[in-house]
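Quick notes on the structure that follows.
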Amino acid sequence: MNAEVTAAPTAPEKKEFWRWQENTWVDETKDWKTAKIITCGIDVGSVSSQAVLVVDGELYGFNSMRTGNNSPDSATNALQGVMDKCGMKLEDIHYVVGTGYGRVNVPFAHKAITEIACHARGANYMGGNGVRTILDMGGQDCKAIHCDEKGKVTNFLMNDKCAAGTGRGMEVISDLMQIPIAELGPRSFDIDADVDAVSSVCVVFAKSEALGLLKAGYTKNKVIAAYCQAMAERVVSLLERIGVEEGFFITGGIAKNPGVVKRIEKLLGIKAIDTKVDSQIAGALGAALFGYTLMSKKAAA
Amino acid sequence: MIANYGYKDGSGEYYISIDTDKCIGCAAERACLTACPKQMFEIITDDYDDEVAWIKKPNCRTLSYDCADCKPSGGYTSLPCMTACTPGAIKHSW
């Protein structure tokens, strides 16, 4: 018998447009082996996890990756990623501070500190001691923070009940539009005229509204612009509750989206402080800096 | 530090703010803990090692419902938590 077997048609590979770039970086100009104090901050967020190494009070390296379904594993994987890059072992790290939603589930952490305090401390390092107002646009929440010149929190407000104005909301729109998440910001400016914001209070409503706009003949870029505008209006209303001072700094993944950042700046009339450091690591960096301060005090005592 | 606990959703803004500078070394002997009928307040050690009151996490997402009975429609003329907090550390946004 000469039966010809034909392969069953396979489903086309589903592209993950929402998937953002995971990053690992180490400062090759420094040698951690000669350091006196090495501390680590682990930020296990709802969407992303970061591990930051601080060597003698200076940023040395980091790893930023997607949070899995298990906080301890996410923390371990995030740290392992940066340790592998520089040949470090857990025993070489003197102090570990956990932060973020999963901070109490970091198995090797000596202390847990809230992400609010850590973001303020991290922003103070990244943006300098002139930073006073911090907007953290996280994966599933949004925080507005005021701090003093030392990065100590003086006022904060967060909203974690609603995904509007968060990274997750942007991921939903990215998938809906079938456009890679990193391209959303630039494409939101590729429009003929400004558009009105879509619903700014709910991602679910915003998604159905975006679908309605597409059906009504809006281009994808116009819909993205409407969503970026909605997100900007949403977070600005949060910021206005605590007041905005000069020295404005944005942390979190959405700080990398110019479509939202520029619109926030326009609404506030204030330009955000630029940084060369990945905005997503602010919480973990702050945690590592808290660890450094604690170790320094211990060493001085 | 002014700590705002609560949320904003489609129906409005619901935040309880606690001025921790007034809360540290409470002059009202932590009266908020017993004044709140829903026992939403709790004393914690914050990130700066100060003992202060905060709102329990589960309540932070249900404030508009949890506090409804203490509002004028529930028969109160003033909020029990704010009345009990004589240093004036507690405020409601709505």
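So the sequences go chain by chain: A and B. According to our numbering, the first sequence is numbered sequentially starting from 1. According to our numbering, the second sequence is numbered sequentially starting from 302. Each residue gets a CB set at the ideal place from its N, CA and C atoms; glycine is no exception.
### Message
Using the three-state DSSP reduction, which class does Arg-103/A fall into: helix, strand or coil?
### Response
For Arg-103/A, the three-state secondary structure derived from DSSP is helix.
### Query
By the criterion of Cβ-Cβ separation under 7 Å, what are the contact partners of Ala-117/A in chain B?
Asp-348
### Task
Check whether the Cβ of Ala-336/B lies closer than 8 Å to any Cβ atom in chain A.
no
### Query
Pick from Ala-288/A, Ile-270/A, Val-203/A, Leu-59/A: whose alpha carbon is nearest that of Thr-29/A?
Ranking the options by Cα distance to Thr-29/A, first place goes to Leu-59/A.
### Query
Which partner residues of Val-54/A appear in the DSSP bridge assignment?
Thr-39/A, Leu-59/A
### Query
Does the beta carbon of Asn-129/A sit closer than 8 Å to a beta carbon anywhere in chain B?
no
### Query
Between Ser-394/B and the rest of its own chain, which residues show a CB-CB distance below 6 Å, the 5 nearest in sequence each way excluded?
Glu-314, Tyr-316
### Task
Have a look at Tyr-292/A and Asp-56/A and give me their C-alpha separation to the nearest angstrom.
7 Å
### Query
Whose C-alpha, out of Ala-255/A, Leu-211/A, Phe-248/A, Gly-217/A, is nearest the C-alpha of Gly-269/A?
Phe-248/A
### Task
Could you tell me how far apart the beta carbons of Val-261/A and Met-231/A are, in whole angstroms, since I believe they sit closer than 8 Å?
Contact flag wrong, Cβ pair sits at about 10 Å.
### Message
Here's a check: name, in chain order, each residue in its chain whose Cβ is nearer than 6 Å to the Cβ of Val-277/A, leaving out the five neighbours to either side.
### Response
Met-126.
### Message
Please list, in chain order, the chain B residues whose beta carbon lies closer than 9 Å to that of Leu-214/A.
### Response
None at all; the shortest Cβ gap to chain B is about 23 Å.
### Message
I need the straight-line Cα distance from Asp-190/A to Asn-221/A, nearest angstrom please.
### Response
6 Å
### Query
With 8 Å set as the bound, which would you pick, yes or no: does the beta-carbon of Val-153/A sit closer than that to a beta-carbon of chain B?
yes
### Query
Taking Cβ-Cβ distances below 7 Å as the criterion, which residues of the segment 373-388 of chain B are in contact with chain A?
none
### Query
Using 8 Å as the limit for Cβ to Cβ distance, is Met-302/B near chain A?
yes
### Message
So, under 8 Å CB-CB, Ala-112/A and Thr-99/A are touching, yes? Tell me the CB distance rounded to an integer number of Å.
### Response
About 7 Å separates the beta carbon of Ala-112/A from that of Thr-99/A, a gap short enough to meet the 8 Å contact definition.
### Message
What would DSSP say about Ile-254/A, mapped onto helix, strand or coil?
### Response
helix
### Query
Is Ile-191/A helix, strand or coil by DSSP?
coil
### Query
Do you know offhand how far Ala-288/A's Cα is from Lys-297/A's?
14 Å
### Buried versus exposed, by CB contacts within 10 Å (16 or more), Asn-69/A
exposed
### Task
Quick one: list the residues of chain B neighbouring Cys-40/A, beta-carbon separation under 7 Å, in chain order.
Under the 7 Å cutoff, chain B gives no residues; its nearest Cβ is about 18 Å from Cys-40/A.
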